[in-house]
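A.B. asks: Residue numbers (this note's numbering): 357 to 513.
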């Protein structure tokens, strides 16, 4: 299973191998020519500056203005307002040991605000109270959470 297969060996002699070698030499020459061409471009600019000067000053001015406008626009992008439309709910935590009436108190508070009876409470309950239908501004959300406090003798104040 862990046998190594023989690697493929490229042809080193023959017509195809010669073509490959010539192509590789030509690519190397092209790379060296591109390095030389940048220096010849600089020499040409020194010898004939009129050829590399601005041909149309109005077009150059428009191009400059456009680039400056784009740079300025990038700086003054409008900031997105991520503040929520409605404030976060008021958290009401009912804390106490087991079997003292936290769930009963929560049921009574919910019934007082919503006029509906809640039989079993599982997890936190969010209530929307106020004039929600008339205007959005005159309502508040309340989040009721039941927290069991376990009294132990190890806690020292």
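Where a beta carbon is used, it is the ideal one built from N, C-alpha and C, also for glycine.
Work out the CA separation of residue 415 and residue 431 for me, nearest whole Å.
C.D. replies: The straight-line gap from Cα to Cα measures roughly 25 Å.
A.B. asks: I'd like the span of the alpha helix (DSSP H) that includes residue 482, first residue to last.
C.D. replies: Taken as a continuous stretch (DSSP letters only), residue 482 belongs to no alpha helix (DSSP H), being part of the beta strand (DSSP E) at 481-486.
A.B. asks: Give the secondary structure of residue 436 by DSSP, where H, G and I count as helix, E and B as strand, and everything else as coil.
C.D. replies: In the structure shown, residue 436 sits in coil (DSSP, three-state: anything other than H, G, I, E or B).
A.B. asks: Are residue 440 and residue 498 touching if we call contact CB-CB under 8 Å?
C.D. replies: No, the pair does not count as a contact, with Cβ atoms beyond the cut-off.
A.B. asks: For a quick check, are the C-beta atoms of residue 502 and residue 473 less than 8 Å apart?
C.D. replies: For residue 502 and residue 473, no; Cβs fall outside 8 Å.
A.B. asks: Name the two residues that bound the continuous beta strand (DSSP E) containing residue 498.
C.D. replies: Run containing residue 498: 495-504, per the beta strand (DSSP E) assignment.
A.B. asks: Along the alpha helix (DSSP H) that carries residue 460, what are the first and last residues, could you check?
C.D. replies: 458-470 is the extent of the alpha helix (DSSP H) around residue 460.
A.B. asks: Ignore the nearest five residues each way along the sequence and tell me which others in residue 433's own chain have a CB closer than 8 Å to its CB.
C.D. replies: Within the same chain, residue 433 has no close Cβ partners at all.
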